[in-house]
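Chemist:
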Amino acid sequence: MHDSRFCVSFQKTGQKRFTTFYPTTPMRKLLLFLFTWVLIPLLQAQTLTSPDKNFTLKFELKANGTPSYQLTYKNKPVIKPSNLGIENNGSPSFMNGFFVSETKTSSVKDVWEPIYGEQKTIQNNYNELLVTLTQKDQKNRFIRIRFRLFNDGLGFRYEFPKQENLKYFVIKEEHTEFNLAGDHKIFWIPGDYDTNEYPYTTSKLSEIPKLQKKATVQITAQQPIPTPSVQTPSMMKSTDGLYINIHEAALINYPAMNLEVDAKTFKMKSHLVPDAVGNKGYMQTDAQSPWRTVVVSDKATNILASKLILNLNEPTQYKDVSWIKPVKYVGVWWEYFVAGKSTWAYSSENNVRLTDDFSTFKPSGRHGATVENVKKYIDFAAEHGFDAVLVEGWNIGWEDWIGNWKEEVFDFTTPYPDFDVKGLAKYAANKKVKIIMHHETSASATNYERRLDRAFQFMVDNGYNAVKTGYVGQIIPRGEHHDGQWMVNHYIHVARRAADYKIMVNSHEAVRPTGLHRTFPNWFAQESARGTEFEAMGGLAPEHTTILPFTRLMGGPMDYTPGIFQTDLSYYGTGSNQRVNTTLVKQLAYYVTMYSPLQMAADLPENYLRFPDAFQFIKDVAVDWDDTYVLEAEPGDYITIARKAKGKDEWYVGGITDENQRTATVNFSFLPKGKQYIATIYADGADASYDKKPQSYTIRKVVVTSKSILKQKLASSGGVAVSIKEGKKSDLKDLPKL
Ligand code: NOJ
Ligand code: CA
């Protein structure tokens, strides 16, 4: 036996000399060790950097062939090594046993123009890594994971290409981990299958379990996840000042993702919304998951400015988009929430059927959608330059619409006896005002789908081009959830079918948005969060709207329905002692801080007429923008944003604060250099506060240039709003400079 560490022998075979290695047993073990733990991982690990090099993504396969990734930003860990994988029901899972059979990298740098939005052009710049993972033991079945690293964060998704040995599969659970680097502060609402209308809780990740019960307030239809979990978009801040936002993009034919939270290790893990029989997704190759998104910055303003989610959505395939237009509207709406003012229902009957003869019912005298009342709103819209009037409660069925889990609540085509469809359509058309249709489905999606074409045809026949849909209650088909795959497909079906009729859609109580307004631009706004209606049902915390842009609005525009001037609701003498927890000026600022191509002036017309000078801001403010400048922001505390109106030399600024007074700083450097403009500043009065003097405000006009800086005091739960326009030389001369 040789006693050397290894031996080399030379053999002569013909003219050739061969070298042969005979590893000894310990050497063999060492080689095996190196092969398994060094060489294979090296071959199976990939790194990717963002175009600006601030982000580094590392992908690797663990020893048992489990895919894993990690993410750093400016060398700080954002996501520590985290597993990826999908567990299937009835077939082997995509969790482990993989080897990397192919990797590809590529880069994209281009610019595109949204149909409407916060800016005219959007940069799309990323480096991509596409990893093909093959399971040798599963007849070489393969999946892909596509990573895109932008300068504002990461997007990745699972892809399931068409192949001989993978055609159909059923997802039991997705096991995507986000292993966070510390006990971050998080702005969260509890994980739920049916609602996103919870108030926000701010806490450490480690505190979620003990706060979960309190955070899960009662909502009409809810299915909270019992274990510690949160919904996305999930906004976090690390103790060393990193802002981290986790959400998803392009949620199509898949359920929405909640995040389970391990309060000890700070690991989050995907938890998909199940269907009626407990499955989470029915997949047929070619297929893919939505993108999982991680937006990161050391500046909060960059989170609000991120376009990563939109960039990960597909461009629209609609051939003609000329009919899709931003809308500013008023509506027969807030009066239903101002306790006792008026009602959706025509009568006080109950147990009604669509086949009943509603003209035989005794009217309650409080019906909101009467010809006379709707005309009042149309007149008001026409006089003050609004595009449209929303009319809720126009159709039969509201007598017992809620809480009965009834299949056929509405038919979407039969008006109440005191609502004249044709007459009002003509009246509105003459005044160049549109009426916005309302389709409350009462969550009976089956009934809505059955009647959808007739409902849309009815709209077209009567000159309607936009619909507000609603899904209050428990979903039918029974057992399905608002945020499950079935309903995700329903909302998209409605958007697509509406496009066939050139109808724009604003959905309420639908799944939270994921940037699909790029692909289906007629689905131009959603509610999907606690909006103004809750100000009349218990109130919203003053900080609520400083959180929403960092959470709910990351996915897309919100029909928040701002503009309440009469914030003390006891004013109506109907027994309500509710109050809207903002100053009047903060309501003005929302038109800038809450981006939407659909904006409502939600208060009653008579309240606007009491404050005509403040109302002027709502009349002036744009709903579509060339550019956006996020000037200051801190989630939960304050936001100040400036935007340039689309195609105009006009700018609007909105600043808001939570319950704490503060001084907002508006640096006008976004203005073109060397020119003077007139800024109209709408500010909280010196004595204003949301709970004592909400209607105290001042309005002043000053001359500003790109060098001007405004320091403006905001009252508690107050705001500032500024409109900036070109002025005549004579006007400029008489005004003070800022
Ligand atoms: C809830 C919606 O959010 C609200 O705007 C609507 O008025 C009611 N449902 C009735 O559909
Ligand atoms: Ca709602």
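For the sequence shown, the working numbering assigns the number -9 to the initial residue and increments by one for each residue that follows. All residues carry an ideal CB built from backbone N, CA and C; glycine is no exception.
Among residues of its own chain, excluding the 5 on either side of residue 2, which ones have a beta-carbon nearer than 6 angstroms to its beta-carbon?
Modeler: With a pLDDT of only 33 at residue 2, under 50, the local geometry of the prediction cannot be trusted, and the value read off the model is given with reservation. Closer than 6 angstroms at the Cβ level, and outside the excluded window around residue 2, lies no residue.
Chemist: So, with DSSP's three-state summary, where would you put residue 694?
Modeler: Three-state result, residue 694: strand.
Chemist: Pick helix, strand or coil for residue 598, following the three-state DSSP scheme.
Modeler: Three-state result, residue 598: helix.
Chemist: Determine the burial state of residue 445: buried for a count of at least 16 other Cβ atoms within 10 Å of its Cβ, exposed for fewer.
Modeler: Its Cβ being crowded by 16 or more others within 10 Å, residue 445 is buried.
Chemist: Under the rule that 16 or more other beta-carbon atoms within 10 Å means buried, what is residue 360, buried or exposed?
Modeler: Per the 10 Å Cβ criterion, buried.
Chemist: Restricting to Cα atoms, I'd like to know which of 403, 41, 395 is closest to residue 384.
Modeler: Nearest option by C-alpha distance: 403.
Chemist: Could you please give me the residues that DSSP links to residue 500 through a beta bridge?
Modeler: Residue 500 pairs with nothing; no bridge assigned.
Chemist: Spatial neighbours of residue 679 within its chain, please: CB distance less than 6 angstroms, with the 5 preceding and 5 following residues excluded, ordered by chain position.
Modeler: Excluding sequence neighbours, residue 679 sits near 705, 706.
Chemist: My understanding is that residue 449 touches residue 457, with C-beta atoms under 8 angstroms, so please give their C-beta distance in whole angstroms.
Modeler: Contact holds; Cβ gap of about 7 angstroms.
Chemist: Whole-angstrom Cβ separation of residue 381 and residue 399, contact assumed at under 8 angstroms?
Modeler: In fact, because the Cβ distance is near 18 angstroms, the residues do not count as touching under 8 angstroms.
Chemist: Cβ atoms of residue 294 and residue 623: under 8 angstroms apart, would you say?
Modeler: Yes.
Chemist: For residue 113 and residue 291, I'd like the C-alpha separation in whole angstroms.
Modeler: The alpha-carbon atoms of residue 113 and residue 291 are separated by roughly 17 angstroms.
Chemist: Which runs of the beta strand (DSSP E), 3 residues or longer, sit entirely within the region 485 to 552?
Modeler: Fully enclosed beta strand (DSSP E) runs of 3 or longer: 494 to 498.
Chemist: Within 10 angstroms of its Cβ, does residue 221 collect 16 or more other Cβ (buried), or is it exposed?
Modeler: Residue 221 is buried by the Cβ-count criterion.
Chemist: Sorted by chain position, which residues of the same chain lie with C-beta nearer than 7 angstroms to residue 92's C-beta, five sequence neighbours on each side aside?
Modeler: Counting only Cβ-Cβ distances below 7 angstroms, and skipping sequence neighbours, we find 122.
Chemist: Using the Cβ count rule (16 or more neighbours within 10 Å means buried), how would you classify residue 296?
Modeler: When all chains shown are included, residue 296 counts as buried.
Chemist: Going by DSSP, name the residue or residues bridged to residue 144.
Modeler: DSSP, once it has assigned bridges, lists 139, 284 as partnering residue 144.
Chemist: Between 302, 250, 53, 278, which lies nearest to residue 117 when the distance is taken from Cα to Cα?
Modeler: Closest option to residue 117, Cα to Cα, is 302.
Chemist: Could you pull the start and end residues of the alpha helix (DSSP H) that residue 102 belongs to?
Modeler: Segment 88 to 102 is the beta strand (DSSP E) holding residue 102; no alpha helix (DSSP H) there.
Chemist: Please go through the same chain and pick out, in chain order, the residues whose beta-carbon is closer than 8 angstroms to the beta-carbon of residue 366, but skip the five residues on each side of it.
Modeler: The answer, listed in chain order, is 595.
Chemist: Which value, in whole angstroms, describes the spacing of the CA atoms of residue 312 and residue 492?
Modeler: Cα to Cα, residue 312 sits roughly 10 angstroms from residue 492.
Chemist: Quick one: is the Cβ of residue 423 within less than 7 angstroms of any heavy atom of ligand 1?
Modeler: Not so, every heavy atom of ligand 1 lies at least 7 angstroms from the Cβ.
Chemist: From what residue to what residue does the alpha helix (DSSP H) around residue 583 run?
Modeler: It spans 574 to 583 - the alpha helix (DSSP H) in which residue 583 sits, taken as one unbroken run.
Chemist: Thinking just about the alpha-carbon of each residue, which of 69, 699, 558 is nearest to the one in residue 257?
Modeler: That would be 69, whose Cα lies nearest to the Cα of residue 257.
Chemist: Judging by CA-CA distance, which residue of 650, 418, 441 is the nearest neighbour of residue 531?
Modeler: Considering only alpha carbons, the answer is 650.
Chemist: Going residue by residue through the region 190 to 265, where are the continuous alpha helix (DSSP H) segments of at least 4 residues, counting only ones entirely within it?
Modeler: The region 190 to 265 contains these whole alpha helix (DSSP H) runs: 198 to 205.
Chemist: Quick one: using the 10 Å Cβ neighbour count with 16 as the cut-off for buried, is residue 167 buried or exposed?
Modeler: Looking at its Cβ environment, which holds 16 or more other Cβ atoms inside 10 Å, residue 167 is buried.
Chemist: What's the gap between the Cα of residue 99 and the Cα of residue 727?
Modeler: Spanning the two alpha carbons is a distance of roughly 42 angstroms.
Chemist: So, using beta-carbon positions, are residue 477 and residue 435 closer together than 8 angstroms?
Modeler: For residue 477 and residue 435, yes; Cβs fall inside 8 angstroms.
Chemist: Considering only their Cβ atoms, is the gap separating residue 632 from residue 643 smaller than 8 angstroms?
Modeler: Yes, the Cβ-Cβ distance between residue 643 and residue 632 is below 8 angstroms.
Chemist: When you compare the CB positions of residue 423 and residue 371, do they come within less than 8 angstroms of one another, or not?
Modeler: Contact: yes.
Chemist: Spatial neighbours of residue 716 within its chain, please: C-beta separation below 7 angstroms, excluding the five flanking residues on both sides.
Modeler: Within the same chain, residue 716 has close Cβ partners 639, 667.
Chemist: Would the C-beta of residue 472 count as close to ligand 2, meaning under 7 angstroms from any of its heavy atoms?
Modeler: No; taking the cut-off as 7 angstroms, the Cβ of residue 472 has no heavy atom of ligand 2 nearer than that.
Chemist: In terms of alpha-carbon separation, which member of 470, 682, 684, 545 lies closest to residue 518?
Modeler: With distances taken between Cα atoms, residue 518 lies closest to 545.
Chemist: By a C-beta neighbour count over all protein chains shown, 10 Å radius and 16 as the cutoff for buried, is residue 102 buried or exposed?
Modeler: Classification for residue 102: exposed.
Chemist: In whole angstroms, what is the alpha-carbon distance linking residue 137 and residue 395?
Modeler: One C-alpha to the other measures close to 43 angstroms.
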